[in-house]
Amino acid sequence: MGDLKKYWKSFTVTLSLAFLLTACGGGGDGGEESSAESDPAESDSSTEDTTEALADAEYSFKLGVITPPAHMWHQAAEKFKEELEANSDGNMTLEIYPSGQLGNESDMLQQIESGSLDFGFITAAEISSREEAFSAWFTPYLFETIKDAHEARKSEVAQEMLGTLDSYGMTGLDYLFAGQRVMLFKDTEVKSPEDMDGLVLRVTPSPPMLEFYNSAGASTEGIPLPEVYSAVQTGVIDGMDMDLDATITNKFFEVVDYGAVTNHMVWPSVAVVNSDTFNALTEEDQQIVKDALETAADYAVNTRFDQEEEFKQTLSDEGMTIYELDKEVFAEQIENFDKVYKEKDPLIEKFITEFRE
Ligand code: BEZ
Numbered sequence: 001m002g003d004l005k006k007y008w009k010s011f012t013v014t015l016s017l018a019f020l021l022t023a024c025g026g027g028g029d030g031g032e033e034s035s036a037e038s039d040p041a042e043s044d045s046s047t048e049d050t051t052e053a054l055a056d057a058e059y060s061f062k063l064g065v066i067t068p069p070a071h072m073w074h075q076a077a078e079k080f081k082e083e084l085e086a087n088s089d090g091n092m093t094l095e096i097y098p099s100g101q102l103g104n105e106s107d108m109l110q111q112i113e114s115g116s117l118d119f120g121f122i123t124a125a126e127i128s129s130r131e132e133a134f135s136a137w138f139t140p141y142l143f144e145t146i147k148d149a150h151e152a153r154k155s156e157v158a159q160e161m162l163g164t165l166d167s168y169g170m171t172g173l174d175y176l177f178a179g180q181r182v183m184l185f186k187d188t189e190v191k192s193p194e195d196m197d198g199l200v201l202r203v204t205p206s207p208p209m210l211e212f213y214n215s216a217g218a219s220t221e222g223i224p225l226p227e228v229y230s231a232v233q234t235g236v237i238d239g240m241d242m243d244l245d246a247t248i249t250n251k252f253f254e255v256v257d258y259g260a261v262t263n264h265m266v267w268p269s270v271a272v273v274n275s276d277t278f279n280a281l282t283e284e285d286q287q288i289v290k291d292a293l294e295t296a297a298d299y300a301v302n303t304r305f306d307q308e309e310e311f312k313q314t315l316s317d318e319g320m321t322i323y324e325l326d327k328e329v330f331a332e333q334i335e336n337f338d339k340v341y342k343e344k345d346p347l348i349e350k351f352i353t354e355f356r357e
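Sequential numbering from 1 applies to the sequence shown in the UniProt record's numbering.
The structure is reproduced here in structure tokens:
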């Protein structure tokens with residue numbers, strides 16, 4: 001919420017409440033009328049007026065996301081905005097800042113914690129810098145499809161993870177999925193971990209990603225999304241961990257020749273809100289926010305699920321060699337990951353145990 005609006009809101013709400021208290025005779029003028037003596041009809045209407053005063057409040061929120069407007073997470077943010085504004089009859093509005101306009105994810109996370117930014121769709125990778133439990137989402141080959149992961153977000157363990165964010169001044173509200181991770185290579189058709197030997201691969205700067213690729217024998221560089229294009233173009237890296245959506249929206253097909261559709265990890269962003277902002281809302285308004293996010297999350301997963309074949313075709317048309325790689329190829333790395341990560345945190349252990357088939 002903009003500062004001016006915050007002050008204006010608290011000023012008008014205080015004024016309304018002061019007016020209502022005075023009108024009810026409870027304003028400290030001797031209190032001639034006790035609550036027992038007052039007309040019940042009058043006190044009912046004052047409760048209604050108070051509720052109305054709060055309901056009339058106007059909220060103008062900001063949301064930051066790292067991806068460009070064409071990416072599904074931005075489209076999901078647009079859906080969230082649409083729902084929020086329609087279902088609150090315009091009482092809540094949302095301004096979206098895509099493409100890391102407010103800084104990288106680490107900057108945005110700090111802004112949300114401090115309250116200078118209201119909402120963020122932040123990668124679980126970045127969130128795991130606060131709470132390691134979120135690394136559980138990067139367990140390789142845990143979910144067959146993003147729809148399975150979308151279901152899993154409702155589980156007790158996934159909700160417990162969101163609850164851990166309370167101590168950082170933010171409220172974890174939901175998860176959004178935009179495809180699984182694939183591997184892109186500049187000029188090597190990698191078919192097995194052995195082929196990665198000697199290659200430098202970009203991963204999102206996040207320990208579970210590093211663990212997976214390092215155990216496969218690759219050298220890794222943690223590079224944030226906006227810097228990846230030039231890193232591969234200039235030969236700093238030989239390939240990258242990515243999703244198909246971002247491969248298109250960031251035009252990585254211009255600088256890589258091979259795409260292994262491994263679908264080895266899901267890739268949630270976590271919808272977070274500054275806790276003071278959220279707690280200042282009425283329960284009804286909080287529900288509007290949650291429902292709007294749920295609609296956005298459903299929209300993202302359903303749209304994205306249907307686009308898989310189209311995206312592969314687009315990348316082939318752009319000249320890339322697109323191929324599938326079976327899960328069995330990475331059997332050793334999967335076993336290693338489960339062993340190492342289950343020991344790190346009880347929530348990770350619970351999550352892997354629940355969803356590993
Ligand atoms: C990445 O860092 O690879 C990434 C971040 C957000 C959306 C898609 C990809």
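Don't be surprised by glycine CBs; every beta carbon is placed ideally from N, CA and C.
* Work out the CA separation of Ser129 and Glu318 for me, nearest whole Å. => Counting from one through the sequence shown, the residue named residue 318 turns up at place 318. Counting from one through the sequence shown, the residue named residue 129 turns up at place 129. Computed Cα separation, rounded: 36 Å.
* Gly222 and Asp197 closer than 7 Å at C-beta -> For the purposes of this step, residue 222 is taken as the residue at position 222 of the sequence shown. For the purposes of this step, residue 197 is taken as the residue at position 197 of the sequence shown. It is not a contact, given that the beta carbons lie outside the stated cut-off.
* Closest Cβ-Cβ distance between Ile223 and chain B: below 7 Å? -> Protein chain content of the structure displayed is limited to a single chain, and chain B is not contained in it.
* **Residues that DSSP places opposite Tyr175 in a beta bridge** => Reading the sequence shown from its first residue, position 175 is the one you call residue 175. Answer by DSSP bridge pairing, in chain order: Val270.
* For the candidate residues Asp166, Asp257, Val289 and Leu315, whose alpha-carbon lies nearest to that of Glu85? -> Locating residue 85 in the sequence shown gives position 85, where the first residue counts as 1. The residue with the shortest Cα to Cα distance from Glu85 is Val289.
* **Per-residue burial, Asn274 [other beta carbons within 10 Å of its own, 16 or more giving buried]** => Counted from its first residue, the sequence shown places residue 274 at position 274. Per the 10 Å Cβ criterion, buried.
* Asked: Would Tyr258 pass as a contact of Thr314 if the rule is Cβ separation under 7 Å?
  -> Stepping through the sequence shown from its first residue, residue 258 is reached at position 258. Stepping through the sequence shown from its first residue, residue 314 is reached at position 314. No.
* To do: Give a yes or no on whether the C-beta atoms belonging to Lys79 and Ala331 are separated by under 7 Å.
  => As a first step, residue 79 is located in the sequence shown; it is residue number 79 there, counting from the start. As a first step, residue 331 is located in the sequence shown; it is residue number 331 there, counting from the start. No, the Cβ-Cβ distance between Lys79 and Ala331 is not below 7 Å.
* **Residue from Glu284, Asn279 and Ser215 with nearest C-alpha to Asp338** => Stepping through the sequence shown from its first residue, residue 338 is reached at position 338. If we check each option's Cα against that of Asp338, Ser215 comes out closest.
* Asked: What do you reckon, is the C-beta of Asp276 under 6 Å from a heavy atom of ligand 1?
  -> Taking the first residue of the sequence shown as 1, we reach residue 276 at position 276. Outside the cutoff, so no.
* Confirm the yes/no value for this check: CB of Thr123, any heavy atom of ligand 1, distance under 6 Å. => For the purposes of this step, residue 123 is taken as residue 123 along the sequence shown, with counting starting at 1. True, at least one ligand heavy atom lies under 6 Å from that Cβ.
* Whole-angstrom distance between Ala292 and Glu83, CA atom to CA atom -> Here residue 83 refers to the residue found at position 83 of the sequence shown. Here residue 292 refers to the residue found at position 292 of the sequence shown. The alpha-carbon atoms of Glu83 and Ala292 are separated by roughly 5 Å.
* Nonlocal neighbours in the same chain, by C-beta distance under 6 Å from Trp73, ignoring five residues either side -> Taking the first residue of the sequence shown as 1, we reach residue 73 at position 73. Here the set comprises Val65, Thr67, Phe121, Ala178 and Ser269.
* **Collapsed DSSP secondary structure at Glu221 in the structure displayed** => Position 221 of the sequence shown, counted from the start, is the residue given in the question as residue 221. Glu221: strand per DSSP, three-state reduction.
* Asked: Got a sec, what are the start and stop residues for the alpha helix (DSSP H) Ala296 sits in?
  -> Residue 296 sits at position 296 when you count from the first residue of the sequence shown. Glu283 to Asp317 is the span of the alpha helix (DSSP H), which, as asked, contains Ala296.
* DSSP state of Met320 mapped onto helix, strand, coil -> Translated into the one-based positions of the sequence shown, residue 320 becomes position 320. If DSSP states are grouped into helix, strand and coil, Met320 belongs with coil.
* **Euclidean distance between Cα positions of Glu132 and Glu113** => Residue 132 sits at position 132 when you count from the first residue of the sequence shown. Residue 113 sits at position 113 when you count from the first residue of the sequence shown. If I take the Cα positions, the gap works out to 17 Å.
* Asked: If you draw a straight line from the C-alpha of Pro208 to the C-alpha of Asp89, how long is it?
  -> Position 208 of the sequence shown holds residue 208. Position 89 of the sequence shown holds residue 89. Using only the alpha carbons, I get a separation of about 43 Å.
* Asked: Smallest Cα separation from Phe185: which of Gln101, Gly100 and Ala231?
  -> Position 185 of the sequence shown, counted from the first residue, corresponds to residue 185. Nearest option by C-alpha distance: Ala231.
* Cβ of Leu225 versus every heavy atom of ligand 1: is any distance shorter than 6 Å? -> Taking the sequence shown and counting its residues from 1, one reaches residue 225 at position 225. Yes, Cβ of Leu225 sits closer than 6 Å to a heavy atom of ligand 1.
* Asked: Do Asp89 and ligand 1 come close, with the Cβ less than 6 Å from some heavy atom?
  -> Stepping through the sequence shown from its first residue, residue 89 is reached at position 89. No; taking the cut-off as 6 Å, the Cβ of Asp89 has no heavy atom of ligand 1 nearer than that.
* Can we count Ile334 as close to ligand 1, meaning its CB is less than 6 Å from some heavy atom? -> For the purposes of this step, residue 334 is taken as the residue at position 334 of the sequence shown. Flag unset: Cβ of Ile334 not near ligand 1.
* Asked: Grouping DSSP H, G and I as helix and E and B as strand, with all else coil, what is Phe61?
  -> Taking the first residue of the sequence shown as position 1, residue 61 is located at position 61. Strand.
* Relative to ligand 1, is the shortest distance from any of its heavy atoms to the C-beta of Asp166 smaller than 6 Å? -> Residue mapping note: residue 166 aligns to position 166 of the sequence shown, counting from 1. The answer is no for Asp166.
* Asked: Would DSSP call Gly235 helix, strand or coil?
  -> Here residue 235 refers to the residue found at position 235 of the sequence shown. Reduced to three states, the DSSP call for Gly235 is coil.
* Asked: Cβ of His264 within 7 Å of Cβ of Arg181?
  -> Mapped onto the sequence shown, residue 264 falls at position 264. Mapped onto the sequence shown, residue 181 falls at position 181. Going by C-beta atoms, His264 is nearer than 7 Å to Arg181.
* To do: Write down the C-beta distance between Leu201 and Thr171 rounded to the nearest angstrom, noting that I regard them as a contact closer than 8 Å.
  => Locating residue 201 in the sequence shown gives position 201, where the first residue counts as 1. Locating residue 171 in the sequence shown gives position 171, where the first residue counts as 1. In fact, because the Cβ distance is near 35 Å, the residues do not count as touching under 8 Å.
* **Assumed close pair Ser135, Tyr323 - CB separation to whole angstroms, cut-off 8 Å** => The residue labelled residue 135 in the question sits at position 135 within the sequence shown. The residue labelled residue 323 in the question sits at position 323 within the sequence shown. Their Cβ separation, rounded to whole angstroms, is 28 Å, which puts Ser135 and Tyr323 out of contact at 8 Å.
* Asked: Straight-line CA distance for Thr50 to Asp245?
  -> Stepping through the sequence shown from its first residue, residue 50 is reached at position 50. Stepping through the sequence shown from its first residue, residue 245 is reached at position 245. Because Thr50 sits at a pLDDT of 42, beneath the cut-off of 50, its placement in the model cannot be relied upon, and the point is left open.
* **Which residues DSSP lists as bridging residue 360, in chain order** => With the chain represented from 1 up to 357, any question about residue 360 goes unanswered, as that position is not in the structure.
* **Reduced DSSP category for Gly198 - H, G, I as helix; E, B as strand; rest coil** => Start at 1 with the first residue of the sequence shown, and residue 198 comes out as number 198. Three-state DSSP puts Gly198 in coil, outside helix and strand.
* **Burial state of Glu343 (16 or more Cβ within 10 Å)** => Within the sequence shown, the letter at position 343 stands for residue 343. Glu343 is exposed by the Cβ-count criterion.
* **Buried or exposed by the 16-neighbour rule on C-beta atoms within 10 Å, applied to Ser106** => Position 106 of the sequence shown, counted from the first residue, corresponds to residue 106. Burial call: exposed.
* Three-way DSSP call (helix, strand, coil) for Met170 in this model -> By one-based count along the sequence shown, residue 170 stands at place 170. Correct three-state label for Met170: strand.
* Segment limits, alpha helix (DSSP H) that includes Tyr213 -> Mapped onto the sequence shown, residue 213 falls at position 213. Annotation for Tyr213: the continuous alpha helix (DSSP H) segment containing it runs Pro207 to Ser215.
* Own chain residues within Cβ distance below 7 Å of Glu126, not counting five before or after -> Here residue 126 refers to the residue found at position 126 when the sequence shown is read from its first residue. Around Glu126: Glu105, Ser106 and Leu109.
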